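First to last, the sequence lines map onto chains A and B. Going letter by letter, the first sequence gives residues 0 to 434 in numbering that gives the first Met the number 0. Going letter by letter, the second sequence gives residues 0 to 434 in numbering that gives the first Met the number 0. Note that CB positions come from ideal geometry on N, CA and C, so glycine has one too. Treat the numbers as computed from the prediction; the structure is a model and nothing was measured. What follows is a short report on a single structure.
There are 2 protein chains.
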Amino acid sequence: MNAVEQSLESADDTPREVPSPPPALEDPSRSLNARLLGKLLRFIGNPPLEFALRSGELVRGPGPEPVARVVFKDRKTLLGVLADPFMRFGDAYCEGRIDIHGDLVRLIELVYEATAFRAGSGPRSLTGRVFEWLRRPRANSLKGSRANIHHHYDIGNEFYSLWLGDTMAYTCAYYPAPDVSLDAAQIAKFDHVARKLRLKPGETVVEAGCGWGGLALHMARRYGVQVRAFNISKEQLAYGRARAREEGLAGKVEFIEDDYRNITGRYDAFVSVGMLEHVGVAHYPELGRVARACLPKHGRGLIHSIGRNFPAPLHPWIEKRIFPGAYPPALSEMSQIFEPSDLSILDIENLRLHYAQTLRQWMDLYERNVERVRSLFDEKFVRMWRLYLAGSIAGFTVGTLQLFQVVFAPRDNNAVPMTRDHLYGSTAWSGHANR
Amino acid sequence: MNAVEQSLESADDTPREVPSPPPALEDPSRSLNARLLGKLLRFIGNPPLEFALRSGELVRGPGPEPVARVVFKDRKTLLGVLADPFMRFGDAYCEGRIDIHGDLVRLIELVYEATAFRAGSGPRSLTGRVFEWLRRPRANSLKGSRANIHHHYDIGNEFYSLWLGDTMAYTCAYYPAPDVSLDAAQIAKFDHVARKLRLKPGETVVEAGCGWGGLALHMARRYGVQVRAFNISKEQLAYGRARAREEGLAGKVEFIEDDYRNITGRYDAFVSVGMLEHVGVAHYPELGRVARACLPKHGRGLIHSIGRNFPAPLHPWIEKRIFPGAYPPALSEMSQIFEPSDLSILDIENLRLHYAQTLRQWMDLYERNVERVRSLFDEKFVRMWRLYLAGSIAGFTVGTLQLFQVVFAPRDNNAVPMTRDHLYGSTAWSGHANR
Numbered sequence: 000m001n002a003v004e005q006s007l008e009s010a011d012d013t014p015r016e017v018p019s020p021p022p023a024l025e026d027p028s029r030s031l032n033a034r035l036l037g038k039l040l041r042f043i044g045n046p047p048l049e050f051a052l053r054s055g056e057l058v059r060g061p062g063p064e065p066v067a068r069v070v071f072k073d074r075k076t077l078l079g080v081l082a083d084p085f086m087r088f089g090d091a092y093c094e095g096r097i098d099i100h101g102d103l104v105r106l107i108e109l110v111y112e113a114t115a116f117r118a119g120s121g122p123r124s125l126t127g128r129v130f131e132w133l134r135r136p137r138a139n140s141l142k143g144s145r146a147n148i149h150h151h152y153d154i155g156n157e158f159y160s161l162w163l164g165d166t167m168a169y170t171c172a173y174y175p176a177p178d179v180s181l182d183a184a185q186i187a188k189f190d191h192v193a194r195k196l197r198l199k200p201g202e203t204v205v206e207a208g209c210g211w212g213g214l215a216l217h218m219a220r221r222y223g224v225q226v227r228a229f230n231i232s233k234e235q236l237a238y239g240r241a242r243a244r245e246e247g248l249a250g251k252v253e254f255i256e257d258d259y260r261n262i263t264g265r266y267d268a269f270v271s272v273g274m275l276e277h278v279g280v281a282h283y284p285e286l287g288r289v290a291r292a293c294l295p296k297h298g299r300g301l302i303h304s305i306g307r308n309f310p311a312p313l314h315p316w317i318e319k320r321i322f323p324g325a326y327p328p329a330l331s332e333m334s335q336i337f338e339p340s341d342l343s344i345l346d347i348e349n350l351r352l353h354y355a356q357t358l359r360q361w362m363d364l365y366e367r368n369v370e371r372v373r374s375l376f377d378e379k380f381v382r383m384w385r386l387y388l389a390g391s392i393a394g395f396t397v398g399t400l401q402l403f404q405v406v407f408a409p410r411d412n413n414a415v416p417m418t419r420d421h422l423y424g425s426t427a428w429s430g431h432a433n434r
Numbered sequence: 000m001n002a003v004e005q006s007l008e009s010a011d012d013t014p015r016e017v018p019s020p021p022p023a024l025e026d027p028s029r030s031l032n033a034r035l036l037g038k039l040l041r042f043i044g045n046p047p048l049e050f051a052l053r054s055g056e057l058v059r060g061p062g063p064e065p066v067a068r069v070v071f072k073d074r075k076t077l078l079g080v081l082a083d084p085f086m087r088f089g090d091a092y093c094e095g096r097i098d099i100h101g102d103l104v105r106l107i108e109l110v111y112e113a114t115a116f117r118a119g120s121g122p123r124s125l126t127g128r129v130f131e132w133l134r135r136p137r138a139n140s141l142k143g144s145r146a147n148i149h150h151h152y153d154i155g156n157e158f159y160s161l162w163l164g165d166t167m168a169y170t171c172a173y174y175p176a177p178d179v180s181l182d183a184a185q186i187a188k189f190d191h192v193a194r195k196l197r198l199k200p201g202e203t204v205v206e207a208g209c210g211w212g213g214l215a216l217h218m219a220r221r222y223g224v225q226v227r228a229f230n231i232s233k234e235q236l237a238y239g240r241a242r243a244r245e246e247g248l249a250g251k252v253e254f255i256e257d258d259y260r261n262i263t264g265r266y267d268a269f270v271s272v273g274m275l276e277h278v279g280v281a282h283y284p285e286l287g288r289v290a291r292a293c294l295p296k297h298g299r300g301l302i303h304s305i306g307r308n309f310p311a312p313l314h315p316w317i318e319k320r321i322f323p324g325a326y327p328p329a330l331s332e333m334s335q336i337f338e339p340s341d342l343s344i345l346d347i348e349n350l351r352l353h354y355a356q357t358l359r360q361w362m363d364l365y366e367r368n369v370e371r372v373r374s375l376f377d378e379k380f381v382r383m384w385r386l387y388l389a390g391s392i393a394g395f396t397v398g399t400l401q402l403f404q405v406v407f408a409p410r411d412n413n414a415v416p417m418t419r420d421h422l423y424g425s426t427a428w429s430g431h432a433n434r
């Protein structure tokens with residue numbers, strides 16, 4: 000049993016009657032409850048799970064050993080979930096009206112596996128489109144973005160420091176080998192990004208959406224570049240500036256409280272790690288124009304973002320409770336950054352399984368520090384973030400979420416590396432050697 | 000002077016009056032001609048070129064030394080090019096009504112550089128769209144594809160053997176280092192593809208559009224896999240089968256005369272190198288369904304194709320005279336292969352400058368063997384293919400053409416490599432090691 004499972008077991012300390020199979024079916028009201036539980040189980044594809052009510056009714060999917068048991072407080076909670084499973088399940092779990100015993104991540108994986116194909120098959124119905132429109136992400140205008148970003152990132156640096164590790168990098172890490180620690184994998188990601196950008200000492204870099212500044216500081220420290228790092232989260236900027244001062248890098252990294260749309264100037268490289276999720280597809284051509292305008296002929300760019308195999312909205316519960324305005328794009332959508340500005344895509348790497356591993360390590364730290372989280376916030380918050388982390392692990396493991404790292408350059412940059420050997424320790428040669 | 004330039008010089012053996020600057024402007028008819036020449040020069044952005052008529056008029060773009068001199072036979076030819084530059088320039092060159100002295104490749108690069116931004120900027124006008132519709136590529140129905148493929152690939156294996164090198168690979172090679180020979184770079188490409196697919200002995204591979212069979216034979220020989228290779232070009236299949244027999248690989252590679260849409264069965268890997276250009280965007284979802292249906296959960300796929308930075312038709316002269324039905328897609332269009340079938344894109348590599356180098360080596364061989372080409376066909380054919388090869392070098396050098404190698408897998412394949420180290424000689428670790 001790992002820390003996550005331990006915590007899931009121990010977190011359920013509310014006294015209640017644990018139901019035991021087989022359910023008694025003579026009582027007519029119990030029988031309705033059992034039928035409703037069965038309906039929900041079939042809706043998600045009849046996976047090896049147990050669904051129960053605190054009053055005792057229980058249904059079980061096939062297989063010898065259920066992965067988890069989901070216990071609904073009462074019929075009202077169950078009916079709510081049946082009416083709007085995507086929103087109500089998460090809310091009821093956070094409010095303690097649903098308890099989960101067993102492997103939360105595997106439970107969500109089973110649901111995603113059973114429903115992923117349906118989501119991807121065929122053209123969407125009119126009802127489906129109306130539903131998607133009603134649940135469209137909140138607008139990412141200049142003002143809307145500030146509100147959206149504040150909602151998620153300004154809830155306290157201490158909270159994030161409990162589970163993000165020393166780098167405070169809140170994006171997919173890169174594991175060059177198994178059993179690499181979280182902090183080492185985040186540093187490896189910084190290096191992977193810097194190598195993809197082929198940074199050279201003395202060059203200038205503009206970063207759109209710099210988080211707590213980990214990448215900006217690493218690039219300045221390790222690659223000798225001058226960085227201008229943009230962000231609209233005040234808490235993150237305060238943290239980044241303090242860290243720059245402590246490390247004597249304040250002259251190398253300039254943290255700027257402003258929107259990516261207000262970036263000006265010319266830089267050798269443009270980088271954006273984990274911001275695109277907050278940009279909104281409608282603004283992609285604008286982001287591309289900003290990047291294009293930044294880059295001289297020899298410039299390079301990198302955008303790192305959560306994505307999808309096909310266009311689909313973010314899980315509505317995550318969009319509403321965790322990440323307002325967020326949307327993970329498919330590559331057809333991401334291409335709208337590059338194509339209108341005639342930017343060449345040089346390299347795309349999908350790091351999906353790296354994000355699953357990153358999230359497992361975050362969740363492990365989260366559960367180790369869960370008492371501190373509870374004392375900073377409350378049990379509802381604890382459960383909300385647990386569900387979000389577990390759901391994200393499941394999404395990347397099942398493949399309903401992807402992680403795309405895209406390297407690009409102005410079309411006429413013929414000094415780009417000819418091969419990707421330089422990312423893996425070999426010597427590099429570039430296009431210019433060839434002409 | 001390289002072989003290409005030599006041949007371009009020596010190919011112009013028709014007796015004519017070579018004009019010499021400055022042009023006499025007193026004659027009113029000459030003056031009209033000079034104005035027309037100037038109009039054409041300005042239309043393509045006033046590059047450092049000389050445009051002349053055989054009757055003596057000449058205009059010159061800026062710069063001390065023009066890259067090339069383009070001589071029009073008469074005013075009728077010049078007016079034709081002004082009316083429809085994209086089609087008439089190529090045709091007039093092939094028919095000897097235009098001669099070119101100097102660097103043909105650089106000439107086309109200058110034209111592409113001057114016009115590339117216009118092509119990429121802003122939404123297309125209605126007139127532009129009508130024009131594009133009129134010049135849309137010919138349909139790639141089952142029957143249409145056969146006619147289109149026959150037009151290009153069945154003009155004789157001897158012709159292609161004169162300039163493709165020993166592998167007969169008619170797709171972008173891979174240069175792991177500068178100064179790699181054409182044949183070595185084609186073998187390196189085969190290995191790059193096979194490594195990206197992580198082929199293991201005993202596995203099965205289906206190839207959609209196998210050309211003369213070079214990759215199929217290499218995979219069978221070097222990686223110990225069983226290959227079913229589909230193609231609708233009879234000449235190529237005959238060549239591939241003969242080579243398989245000679246090499247004792249007839250039991251390992253099965254060459255099948257059929258359309259990719261008729262592929263059945265399950266395979267560990269799906270590969271298609273240089274076929275997508277002939278598929279047509281309307282058929283991409285169908286290609287994706289075929290690939291998806293082929294692959295088990297652990298399956299891998301690779302599609303290698305010429306592409307674009309944004310959707311735009313192939314040069315109309317190339318589509319009409321050289322490659323009927325061909326179309327190089329932008330990534331937003333290519334994504335229509337993968338997204339409707341929930342296939343995960345794992346890796347995209349842009350090998351644009353490798354194709355420029357491949358084409359330079361092809362053109363060098365072509366010009367070395369140009370007398371044999373002339374004896375097999377005629378001067379018009381010689382010029383047509385010279386222009387096509389030179390134009391292609393220019394396209395990849397300027398960046399109006401790209402080369403995308405896309406690795407993909409079923410969404411639920413979690414045994415994919417975690418990193419790309421294995422492509423560059425390091426040890427591999429895959430997703431399964433991680434769970």
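Of all Cβ atoms in chain A, is any one closer than 9 angstroms to the Cβ of residue i?
i: residue 158(B); result: no
i: residue 255(B); result: no
i: residue 383(B); result: no
i: residue 417(B); result: yes
i: residue 398(B); result: yes
i: residue 99(B); result: no
i: residue 363(B); result: no
i: residue 410(B); result: yes
How many whole angstroms separate the CB atoms of residue i and residue j, which I take to be in contact at a CB cut-off of 8 angstroms?
i: residue 344(B); j: residue 407(B); result: 5 angstroms
i: residue 196(A); j: residue 248(A); result: The pair is not a contact, with the Cβ atoms about 18 angstroms apart (cut-off 8 angstroms).
i: residue 289(B); j: residue 260(B); result: 6 angstroms
Taking the alpha carbon of residue i as the reference point, which residue from the options has its own alpha carbon closest?
i: residue 32(B); options: 42(B), 57(B), 44(B); result: 57(B)
i: residue 359(A); options: 70(A), 82(A), 163(A), 261(A); result: 163(A)
i: residue 253(B); options: 82(B), 206(B), 385(B); result: 206(B)
i: residue 399(B); options: 356(A), 380(A), 341(A); result: 341(A)
i: residue 90(A); options: 321(A), 396(A), 404(A), 334(A); result: 321(A)
i: residue 389(A); options: 48(A), 47(A), 107(A); result: 107(A)
i: residue 153(A); options: 419(A), 232(A), 34(A), 184(A); result: 232(A)
i: residue 71(B); options: 60(B), 88(B), 234(B), 190(B); result: 88(B)
i: residue 370(A); options: 158(A), 51(A), 145(A); result: 158(A)
i: residue 280(B); options: 347(B), 77(B), 307(B); result: 307(B)
i: residue 329(A); options: 349(A), 315(A), 339(A); result: 349(A)
Let me see if you follow: with CB-CB separation under 9 angstroms, is residue i close to chain B or not?
i: residue 516(A); result: Residue 516(A) is absent from the structure shown; chain A starts at 0 and stops at 434.
i: residue 344(A); result: yes
i: residue 308(A); result: yes
i: residue 283(A); result: no
i: residue 423(A); result: yes
i: residue 353(A); result: yes
i: residue 320(A); result: no
i: residue 33(A); result: no
Considering only DSSP beta bridges, list what residue i is partnered with.
i: residue 467(A); result: Examination of residue 467(A) is not possible in this model, given that chain A is present from 0 through 434 alone.
i: residue 358(B); result: The partner list for residue 358(B) (beta bridge, DSSP) is empty, contrary to what the question assumes.
i: residue 351(A); result: Answer is none; residue 351(A) lacks a bridge partner.
i: residue 307(B); result: 329(B)
i: residue 101(B); result: 67(B)
i: residue 409(A); result: 342(A)
| message | Quick check for students: name the residue ranges of the beta strand (DSSP E) that lie wholly in the stretch 254-301 of chain B, counting only runs of 3 or more. | response | Complete beta strand (DSSP E) runs here, min 3: 268-272.
Completely contained beta strand (DSSP E) runs for the stretch 65-99 of chain B, where each covers 3 or more residues
Fully enclosed beta strand (DSSP E) runs of 3 or longer: 67-71.
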